[in-house]
Amino acid sequence: NTTQETATLPLQEHGFVLNKQEWWDAMAMRYGFELEGVPPTCGCGKTNSIEHSLSCARGGFVYMRHNHLRDLTANLLHEAGCKDVVVEPRLLPLTGEVLTLKSANIANDARLDVSARGVWSPGDKTFLDFRVFNSLAPSNNTLPLDRAPRTLR
């Protein structure tokens, strides 16, 4: 929404400040114009486009968007007064448990994105794991928005 992009407070500490090029790029994307200065080929070898860069795990912005969301959430939890805020906390290794979901991380060095105490109730530890996806990708076009994240499991 252009109104949000032009009316958002420029909070440097949370990364809500766009430089001149980022602002022009955001406006071009909003109105469907071509971006200037974008390489024709992605780092993965495929033809580059806005759509591709939002979905490509190798040369796109998926990891950058994920890590920004992770770090912003950790900072906001800390500012909100949560205790023991940890980015990428290690999980306890499995000791014979059987996990049936395909998304289960059973590696000995498994991590989630953020953990903190006091998110839902004082003293309780909450673990958060983020999934970033492009809701406009062809693979997600036919899914209702509330079902798309389930396909990432």
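All letters in the sequence shown, in the order written, are residues 81 to 233 by the numbering used here. Virtual Cβ for every residue (Gly too), placed ideally from N, Cα, C.
| Buried or exposed: which applies to residue 196, given that a residue is buried once 16 or more other Cβ atoms fall within 10 Å of its Cβ? | What you label residue 196 is simply residue 116 of the sequence shown in a count that begins at 1. Buried.
| request: Can you give me the Cβ contacts of residue 200 inside the same chain, cut-off strictly under 7 Å, excluding the 5 residues immediately before and after it? | output: By 1-based counting over the sequence shown, the position of residue 200 is 120. Counting only Cβ-Cβ distances below 7 Å, and skipping sequence neighbours, we find 206.
| query | DSSP state of residue 219, grouped into three classes? | reply | On the sequence shown, position 139 is the one that residue 219 refers to. The three-state reading of DSSP puts residue 219 in helix, counting H, G and I together.
| task | Count the other C-beta atoms from every protein chain shown that fall within 10 angstroms of the C-beta of residue 238, then say buried if there are 16 or more, exposed otherwise. | result | The chain is shown from 81 up to 233; residue 238 falls before or after that span and cannot be answered.
| field | Endpoints, the beta strand (DSSP E) within which residue 164 is located | value | For the purposes of this step, residue 164 is taken as residue 84 along the sequence shown, with counting starting at 1. Counting along the chain, the unbroken beta strand (DSSP E) around residue 164 starts and ends at 163–167.
| For residue 208, which of helix, strand or coil comes out of DSSP? | By 1-based counting over the sequence shown, the position of residue 208 is 128. Looking at residue 208 - three-state DSSP - the assignment turns out to be strand.
| field | C-beta atoms of residue 169 and residue 145 nearer than 9 Å | value | The residue given as residue 169 occupies position 89 in the sequence shown. The residue given as residue 145 occupies position 65 in the sequence shown. The Cβ-Cβ distance between residue 169 and residue 145 does not fall below 9 Å.
| Buried or exposed: residue 226, going by 16 or more other Cβ atoms within 10 Å of its Cβ? | Numbered from 1 along the sequence shown, position 146 holds the residue referred to as residue 226. Exposed, since its Cβ has fewer than 16 Cβ neighbours within 10 Å.
| task | Please confirm whether residue 117 and residue 162 have their CB atoms less than 9 Å apart. | result | On the sequence shown, position 37 is the one that residue 117 refers to. On the sequence shown, position 82 is the one that residue 162 refers to. With respect to residue 162, residue 117 sits apart: the two C-beta atoms are not nearer than 9 Å.
| field | Bridge partner(s) assigned by DSSP for residue 194 | value | Taking the first residue of the sequence shown as position 1, residue 194 is located at position 114. For residue 194, which the question treats as bridged, DSSP gives the partners 167, 208.
| Pairwise C-alpha distance: residue 186 and residue 100 | Indexing the sequence shown from 1 puts residue 100 at position 20. Indexing the sequence shown from 1 puts residue 186 at position 106. Cα-Cα distance, rounded: 44 Å.
| Residues bridged to residue 121 (per DSSP) | For this step, residue 121 is matched to residue 41 along the sequence shown. In the DSSP output, where bridge partners are listed per residue, residue 121 has 127.
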